[in-house]
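Shown next, in structure tokens, is the structure this report addresses.
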Amino acid sequence: MIDQYLLRYFLAVAETGNFSRAARSVAVTQPTLSAGIARLERELGARLFDRNRQRVALTPAGSRFLVRARRIAAEYEHALVELAAPAEPSLLRVGVLNTIPTGTIGRVLAEHRAQSSEEAVELLDGSERDLVERLERGRIDVALTVVRPHHARYRPEVLARERYMMVLPPDHPLAAEREVLAEQLAQDRMALRRHCEALPEINRFFTQRGVRPRFVLKTTSDERVLSVIRSGAGIGMMPEGFADGSVRFVPVRDFELVREIGLLQSGRAPGSAFLDIVRRQFGTG
Numbered sequence: 315m316i317d318q319y320l321l322r323y324f325l326a327v328a329e330t331g332n333f334s335r336a337a338r339s340v341a342v343t344q345p346t347l348s349a350g351i352a353r354l355e356r357e358l359g360a361r362l363f364d365r366n367r368q369r370v371a372l373t374p375a376g377s378r379f380l381v382r383a384r385r386i387a388a389e390y391e392h393a394l395v396e397l398a399a400p401a402e403p404s405l406l407r408v409g410v411l412n413t414i415p416t417g418t419i420g421r422v423l424a425e426h427r428a429q430s431s432e433e434a435v436e437l438l439d440g441s442e443r444d445l446v447e448r449l450e451r452g453r454i455d456v457a458l459t460v461v462r463p464h465h466a467r468y469r470p471e472v473l474a475r476e477r478y479m480m481v482l483p484p485d486h487p488l489a490a491e492r493e494v495l496a497e498q499l500a501q502d503r504m505a506l507r508r509h510c511e512a513l514p515e516i517n518r519f520f521t522q523r524g525v526r527p528r529f530v531l532k533t534t535s536d537e538r539v540l541s542v543i544r545s546g547a548g549i550g551m552m553p554e555g556f557a558d559g560s561v562r563f564v565p566v567r568d569f570e571l572v573r574e575i576g577l578l579q580s581g582r583a584p585g586s587a588f589l590d591i592v593r594r595q596f597g598t599g
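Under the working numbering, the sequence shown has 372 at position 58, and the numbering climbs by one with no breaks.
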């Protein structure tokens with residue numbers, strides 16, 4: 315294997331066309347440089363320069379070797395730059411169910427950023443079905459979503475259990491009750507969450523009791539639903555994880571549906587500061 319300093323000597327002579335100038339450019343004496351070139355020629359088994367008193371010229375072998383030497387020197391310098399540069403952070407791709415409260419994700423991100431972690435996180439918002447499909451295809455590494463019995467293959471880790479409750483404005487006549495009946499809400503207007511994973515069960519529950527709500531809003535925005543409820547213009551049905559003190563969450567008698575929120579992971583299960591924060595946020599870490 316050719317020593318790197320011999321390539322430097324060779325390139326210096328080829329570029330300057332003079333042994334004296336080449337020696338100065340690489341900060342060695344001329345005898346040292348001449349000895350190095352002689353050693354390189356012995357190792358290669360070919361004469362690289364034609365020398366006379368007027369000039370130093372590359373031989374045909376030297377011209378061919380120059381192309382390789384420049385390439386090797388460039389790759390060496392590139393390697394040095396890469397080694398000196400800070401390491402690329404590991405990337406964790408996280409799918410987040412679009413019915414996880416935005417405030418919860420914001421708090422997780424803020425804490426992760428404050429830790430100055432070398433881990434980079436890429437979040438993808440999606441529906442329950444969309445996240446499972448992306449997990450299956452390897453498009454994300456982990457999903458923060460609803461955990462179902464058929465998710466066993468993704469090594470589910472349940473973080474929280476949330477009951478679906480009726481959300482009422484603070485001044486609603488039933489806001490102070492410990493629980494409400496579906497029939498008591500028949501005259502209220504509903505803010506409907508179109509993307510709610512429990513919507514079929516909720517509709518069935520009210521229909522069986524003869525309650526057919528009138529709607530004030532149909533949307534996929536949880537924040538818009540909460541805004542309508544805060545204004546007093548309507549009521550809604552949401553998981554209790556959305557409770558923030560600005561509205562009243564009241565259980566509905568006989569409606570016992572609970573959702574399990576947790577982590578589903580693909581083939582690799584990376585250690586992750588971000589996931590540790592998620593666990594703490596949901597009270598399991």
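Cβ atoms here follow ideal geometry from the backbone N, Cα and C, with glycine treated the same way.
Remember, predicted model here, so these are calculated numbers, not experimental data.
By the neighbour-count criterion, in which a residue is buried when 16 or more other Cβ atoms sit within 10 angstroms of its Cβ, Tyr390 is exposed. Per DSSP, the unbroken beta strand (DSSP E) holding Ile575 starts and ends at 572 to 579. For a cut-off of 8 angstroms, the C-beta gap from Asp485 to Gly546 is around 6 angstroms, short enough to register as a contact. The beta-carbon separation of Ala457 and Val446, rounded to 7 angstroms, stays under the 8 angstroms limit for a contact.
Taking a cut-off of 8 angstroms for Cβ pairs, the stretch 491 to 510 and the stretch 533 to 546 touch, as three or more such pairs fall below it. DSSP places Phe519 in the uninterrupted alpha helix (DSSP H) bounded by 513 to 522. It is roughly 7 angstroms from the alpha-carbon of Pro483 to the alpha-carbon of Ala489. About 6 angstroms separates the beta carbon of Leu578 from that of His465, a gap short enough to meet the 8 angstroms contact definition. Restricting attention to Val327, Met480, Val461, the CA atom closest to the CA of Leu372 is found in Val327.
The way I'd put it, the stretch 491 to 498 does touch the stretch 556 to 574; three or more beta-carbon pairs between them come closer than 8 angstroms. When the alpha-carbon of Leu380 is set against those of Ser541, Val481, Phe363, the nearest one is in Phe363. Secondary structure note for Gly350: its alpha helix (DSSP H) is the uninterrupted segment 344 to 358.
Cβ atoms of Leu411 and Val460 come within 8 angstroms of each other, at about 6 angstroms. Distance from the CA of Glu450 to the CA of Phe563, rounded to the nearest whole angstrom, comes to 36 angstroms. Out of Ile454, Val435, Glu436, the CA that lies nearest to the CA of Asp444 is found in Ile454.
The Cβ-Cβ distance between Leu325 and Arg353 does not fall below 8 angstroms.
By the neighbour-count criterion, in which 16 or more other beta carbons inside 10 Å mark a residue as buried, Phe529 falls on the exposed side.
By the neighbour-count criterion, in which 16 or more other beta carbons inside 10 Å mark a residue as buried, Glu396 falls on the exposed side.
Taken atom to atom, the span from the alpha-carbon of Asp439 to that of Arg382 is near 50 angstroms. In the DSSP annotation of this structure, Leu423 is not part of any beta strand (DSSP E); the continuous alpha helix (DSSP H) holding it starts and ends at 416 to 428. Distance from the CA of His392 to the CA of Arg378, rounded to the nearest whole angstrom, comes to 22 angstroms.
Between Ile549 and Val422, the alpha-carbon positions lie close to 29 angstroms from each other. With contacts defined by Cβ atoms closer than 8 angstroms, Tyr478 and Ala500 do not form a contacting pair.
Leu488: not part of any alpha helix (DSSP H); DSSP gives it neither H nor E. About 6 angstroms separates the Cβ atoms of Arg369 and Gly331, confirming a contact at the 8 angstroms cut-off. Straight-line spacing of the CA atoms in Gly420 and Leu437 works out to 11 angstroms. The alpha helix (DSSP H) runs lying completely inside the stretch 528 to 558 and spanning 4 residues or more are 536 to 545, given in chain order. Taking 8 angstroms as the cut-off, the Cβ atoms of Leu347 and Tyr323 count as close.
Look at Phe563 here: in three-state DSSP terms it is strand.
Scanning Gln595, Gly576, Val342 for the CA closest to the CA of Arg475 turns up Gly576.
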